[in-house]
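> Protein chains in written order, with my numbering: chain A, 15 to 544; chain B, 15 to 544. The beta-carbon is built from N, C-alpha and C at its ideal position, and this holds for glycine as well. Quick one: the structure is below, and I'll ask about it shortly.
Protein chains: 2
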Amino acid sequence: MAKEQKAPKPKAQTPKGFRDYFGTEVTERAEMLAQIAGVYHRYGFDALESSAVETVDALGKFLPDVDRPNEGVFAWQEDEDGDKGDWLALRYDLTAPLARVYAQHRNDLPLPYRRYAMGPVWRNEKPGPGRYRQFYQCDADTVGSASVAADAEICAMLADTLEVVGIPRGDYIVRVNNRKVLNGVLEAISVSDEAQAADVMRTIDKFDKVGAEGVRQLLGKGRLDASGAFIDGVGLADEQVESVVSFLTSGRQQANLGGMGIQRPIGQGGGHVASSNEGAFKSLELSRVVQDNTLNELRRIVQGSPQGIEGVDELAEISRLLNAQGYGPDRIVIDPSVVRGLGYYTGPVFEAELTFEILDEKGRKRQFGSVAGGGRYDDLVKRFIGQPVPATGVSIGVDRLLAALREKGRIGSQSVGPVVVTVMDRDRMGDYQAMVAELRSAGIRAEVYLGNPKNFGNQLKYADKRNSPVAVIEGGDEKANGVVQIKDLILGAKIAESASLEEWQDRPNQFEVPRDQLVSKVREILESYT
Amino acid sequence: MAKEQKAPKPKAQTPKGFRDYFGTEVTERAEMLAQIAGVYHRYGFDALESSAVETVDALGKFLPDVDRPNEGVFAWQEDEDGDKGDWLALRYDLTAPLARVYAQHRNDLPLPYRRYAMGPVWRNEKPGPGRYRQFYQCDADTVGSASVAADAEICAMLADTLEVVGIPRGDYIVRVNNRKVLNGVLEAISVSDEAQAADVMRTIDKFDKVGAEGVRQLLGKGRLDASGAFIDGVGLADEQVESVVSFLTSGRQQANLGGMGIQRPIGQGGGHVASSNEGAFKSLELSRVVQDNTLNELRRIVQGSPQGIEGVDELAEISRLLNAQGYGPDRIVIDPSVVRGLGYYTGPVFEAELTFEILDEKGRKRQFGSVAGGGRYDDLVKRFIGQPVPATGVSIGVDRLLAALREKGRIGSQSVGPVVVTVMDRDRMGDYQAMVAELRSAGIRAEVYLGNPKNFGNQLKYADKRNSPVAVIEGGDEKANGVVQIKDLILGAKIAESASLEEWQDRPNQFEVPRDQLVSKVREILESYT
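Structural data, given as structure tokens:
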């Protein structure tokens, strides 16, 4: 045993980049996920929970961080009776596992297969402020449908979802683009080298962050970033660069041409929105015209590229389907600058952005930004079975959306704690337990103080820390007289805060009631505060 | 790109010992966990979700499999810019992480701290039938209370929980023992060597499986197991062996002395219960006498061991507290044979067992068995901070409990699928989308068929696979006439099953309604089946 005592104490810490969630952080997330599941379910999506662990082979390598192609996941090698076995890894998203699940179980699943999934995913990345290596995703996907109606449905469902969890209409926008259009632009400017094409895509994806001028530099010779480091450019010719930039800003130009005065603050650190809050889209009709103009402009830019034209046609069809269901461009809008980082998208891509303003860490106003994204990925299942299986879906960044709801004051208010029954007489624990049992039977959250009861002040401090609305006290005298003391802690706190206000002083915050009126009196107090 | 095409296709399979959960498997578990969380919350417990990944140091080594002390977890070493960092691992339970969380955050947490947690845990073990390497646990623990009132509360809450999720009173029993009593027995028979003491504990824990005679052999010279392998015995003297066996069976002897006729089928493969279904405890009063007799018998056996006497006193106090709240030995009973495998328990230990019978894989009747267990572990937090912090708690085996509810028919019935709107005219997808949007707005789960619409038979097969109650059809003629066809698929299935019954033949299972009555008519059909 001596050895054990010498062993150094383990550090009481999560590994770097991981954290714990307490109380309402857990329950508010669970409630939001249940609301989202409700919407997904109503749309006919079925739940799926795949294992957190997959073979590295099955997961594939689709993380956006191309600089470290072998990293990004937490992986280890199986040890089978001393022999080395498969490499296993924690899933880094819910899409790669879906492709594996569909390939494995496709004979038992309906075709098309609509499924939703929610749960943690893990990324082996450098943690940063607010950037964790375990976080929640909440996805919905349709596997086995090539129709853009499936994409349109996902976009409509995303809009519904945001409203159901508490983001009001006008505070969000779902932006839709199409990889085929992006490819069409590359085709139109004669970029055929795959590596260079990927570089252009990644640069377009930085439009939000660096703005038109930044993209112009990055597509050309390069650019000094904020830290003073020089970022090499993609090396396109000036003409090519201007085509891409005019494509990127075509939605905005159209909007301006339409006289809509749409504000799209773009630039370093700036947000990126298609509509401002103050009713910039004064009329849905007008905004539909803008939408049509955007599509026409795109069609002009990709002319000569069959893939590009196909992409614009798909966007037009999505727009038509959504309008038929009442989702106008005030909620879902065509936007050429949406790329989505992941390499596996093959068609429509979408992104949900929250357009209300918050203050960033430096106190500057900015748009809240992206909370969800997705798109069509027709080749992920093909990896497994050799045959193409069309698929499309969306992933909600759960923690981002929770942060948004907190900003809007929808969640995060301090929750009321349990009624605390104090312990005046250690030997009568049975009496106190009976009280909490009665309260609970009446549906009232209640607990008996289980710490050392010697110091009564500590018990009241505990009730305070628990944010308890009511404390119950039964000493020897009360017991003998068949009564209990009830202490209204919310009222008590109010009196303490505003000692001079007669309003509160008139009301006693502690009173005696017959023991058999314990439950009804406590309920009365609780109801007076709701 | 040629390289990529040559790469072998990845296998579409979960790693060995992992599985996927579909549809109601996911939602029924979520609902049960929400019910359990409701009970825990009412008892004043707060939610906690710790990270799935911990340092190996923080987790410690408390898995019961002593033969492989370095295994049992999925672990890997951090790679920090090329340097090797900490060893990380997936949590194997929710208790070890709680000890870390409490040690890390103790200054911000209430004292005592009641918390619940639910989520997957991972064990790197050989998988077997029904034995997976990822499974759910659902725990509640009280940290910082040395009072046995905390243990009693956990036991009462466990009983409440089982009833709330759907295990009726009489179908479960919570069995309580105390490690101090077990230690007292060892002291009384002069087993002081720690390794030998641990061997005796493990043998006692096998009482359920091998019965009294098996324990007798294993404590003595050893025993041939079912496969013909010889298992070495602990090597106790005959007298010592008999003391342990009489201790183990003391509850039963008392029961028999009390004339209660309690059935406790014990032996190879047999279950292990404290009360049979047929009202063996005819009177709660009598069973309280039995309980008292058991305590007296235990007190006799551990005499001379201060720790043993302390343990019996604690059991008596737990029994008294539970009786005061109305939890008699028909629900929670003292049982000397409960050990619980984990090495970290230091005081009261408990186990919830379901006592109804099921058929095992060979068609033999047996008790359903254990679904939850826990106990007091006063030293887990001490590992981190050097000072003892008392703690007690329970863990529910979520999958076992779900299996039990399935056995009882509480869950697992086939769920009704969504209304399916079929696609007769590919170009009018907008019309069909508008229909499902209307149905959903009315709270009706609905989807449009998104597969290739060419073959209408496939659409109806799809609706069948989805277990849809209703299909909606709108062809060109219907559209022109402002009507839709509604197909009652539940009625259709009934007619198909019992074609000769006039009852069904009188009702048409497909009819035409005006388009604007779509929602009300579908609702009418759905309501007729609920």
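Beta carbons nearer than 7 Å to chain A: which residues of the region 497 to 511 of chain B have them?
Those residues of the region 497 to 511 of chain B that come within reach of chain A (Cβ to Cβ, closer than 7 Å) do not exist; the list is empty.
> Counting only beta-carbon separations shorter than 9 Å, does A/G426 have a partner in chain B?
No, A/G426 lies away from the interface with chain B (no Cβ there is under 9 Å from its Cβ).
> State yes or no: is the beta carbon of B/T544 nearer than 9 Å to at least one beta carbon in chain A?
Not closer than 9 Å to any Cβ of chain A, the Cβ of B/T544 fails to qualify, so no.
> Quick one: list the residues of chain A neighbouring B/S161, beta-carbon separation under 8 Å, in chain order.
Near B/S161 (Cβ distances below 8 Å), the residues of chain A are M443 and L464.
> With a cut-off of 9 Å, does the C-beta of B/Y35 fall near any C-beta of chain A?
Yes, B/Y35 lies at the interface with chain A (some Cβ there is under 9 Å from its Cβ).
> Taking the DSSP output, what are the residues bridged to B/E367?
According to DSSP, which records beta bridges pairwise, B/E367 is partnered with B/I187 and B/S384.
> Which runs of the beta strand (DSSP E), 3 residues or longer, sit entirely within the region 47 to 124 of chain A?
60 to 63, 67 to 69, 89 to 94 and 97 to 104, all fully within the region 47 to 124 of chain A.
> Tell me whether the beta-carbon of B/F484 lies closer than 9 Å to the beta-carbon of B/K501.
According to the sequence displayed, residue 484 of chain B carries Val and not Phe. Closer than 9 Å, so yes.
> Do A/T406 and A/P362 count as a contact pair if the criterion is CB distance below 9 Å?
A contact, by the Cβ cut-off of 9 Å.
> Here's a check: name, in chain order, each residue in its chain whose Cβ is nearer than 7 Å to the Cβ of B/K30, leaving out the five neighbours to either side.
P141, listed in sequence order.
> When you compare only the Cα positions, how much space is there between A/V412 and A/Y146?
Using only the alpha carbons, I get a separation of about 13 Å.
> Are there 16 or more other CB atoms within 10 angstroms of the CB of B/D97, so buried, or fewer, so exposed?
It is exposed - the Cβ of B/D97 has fewer than 16 other Cβ atoms within 10 Å.
> Once DSSP output is grouped into helix, strand and coil, what is the label at A/A154?
The answer is strand: DSSP assigns A/A154 an E or B state.
> When the cut-off is 9 Å and only beta carbons count, does A/V67 lie next to chain B?
Yes, A/V67 counts as interfacial toward chain B.
> Compare the C-beta of B/Q268 with all C-beta atoms of chain A and state if any pair is closer than 9 Å.
Here B/Q268 scores only 43 on pLDDT, less than 50, and its place in the model is too uncertain to base an answer on.
> Note down, one range per segment and in chain order, each alpha helix (DSSP H) of at least 4 residues found wholly within the region 392 to 440 of chain A.
Listed in chain order, the complete alpha helix (DSSP H) runs (minimum 4 residues) inside the region 392 to 440 of chain A are 396 to 399 and 412 to 421.
> So with Cβ pairs under 9 Å, would you call A/E63 a contact of chain B?
With 9 Å as the cut-off, A/E63 counts as an interface residue toward chain B.
> In chain order, what residues of the region 364 to 386 of chain A put their CB closer than 9 Å to some CB of chain B?
The residues in question: there are none.
> Any idea what DSSP makes of A/D306, helix, strand or coil?
The answer is helix: DSSP assigns A/D306 an H, G or I state.
> Determine, using beta-carbon pairs with one atom in the region 187 to 204 of chain B and one in the region 316 to 327 of chain B, whether at least three such pairs fall under 8 Å.
Judged by Cβ distances under 8 Å, the region 187 to 204 of chain B makes contact with the region 316 to 327 of chain B, as three or more pairs qualify.
> Identify whether B/F32 lies in helix, strand or coil by the three-state DSSP scheme.
Here B/F32 sits in coil by DSSP.
> Return the residue from the list B/A173, B/V188, B/L112 and B/W136 that minimises the CA-CA distance to B/D155.
Out of B/A173, B/V188, B/L112 and B/W136, B/L112 has the C-alpha closest to the C-alpha of B/D155.
> Any C-beta of chain A sitting closer than 9 Å to the C-beta of B/A288?
Note on B/A288: pLDDT 40, under 50, position unreliable in the model; no value is reported.
> Using a Cβ-Cβ cut-off of 6 Å (strictly less than) and excluding sequence neighbours within five positions of B/F221, which residues of its own chain qualify?
Hits under 6 Å: V229, L262 and S351.
> Step through the CB atoms of chain A and report whether any lies within less than 9 Å of the CB of B/T38.
Yes, its Cβ sits closer than 9 Å to a Cβ of chain A.
> With a Cβ-Cβ cutoff of 9 Å, do A/L108 and A/G133 count as a contact?
In this structure, A/G133 lies closer than 9 Å to A/L108 by Cβ.
> Which two residues bound the contiguous beta strand (DSSP E) that contains A/R442?
From DSSP, A/R442 is part of no beta strand (DSSP E); its letter is neither H nor E.
> Given A/G293, which residues of its chain have a CB within under 6 Å of its CB, disregarding the five upstream and five downstream residues?
Unreliable placement is indicated for A/G293, whose pLDDT of 47 sits below 50; the coordinate value is still reported in the next sentence. No residues qualify anywhere along the chain.
> For B/S333, count the other beta carbons within 10 Å of its own beta carbon; 16 or more makes it buried, fewer makes it exposed. Which is it?
With 16 or more Cβ atoms within 10 Å of its Cβ, B/S333 is classed as buried.
> What does A/E528 touch in chain B if you count any residue whose Cβ is under 8 Å from its own?
Sequence inspection shows Pro at residue 528 of chain A; the Glu mentioned does not correspond to that position. Those do not exist, as A/P528 stays about 20 Å from chain B at its closest Cβ, beyond 8 Å.
> Hey, how far is the Cα of A/P126 from the Cα of A/I315?
Answer to the nearest angstrom: the Cα atoms are 34 Å apart.
> Whole angstroms are fine: how far does the CA of A/Q321 sit from the CA of A/V258?
Cα-Cα distance, rounded: 16 Å.
> How big is the Cα-Cα spacing for A/L394 and B/K75?
Roughly 40 Å separates the two Cα atoms.
> Determine, for B/G431, whether the minimum Cβ-Cβ distance to residues of chain A falls below 9 Å.
Yes, B/G431 lies at the interface with chain A (some Cβ there is under 9 Å from its Cβ).
> Shorter than 9 Å from the beta carbon of A/A72 to some beta carbon of chain B?
Output row for A/A72: interface = yes.
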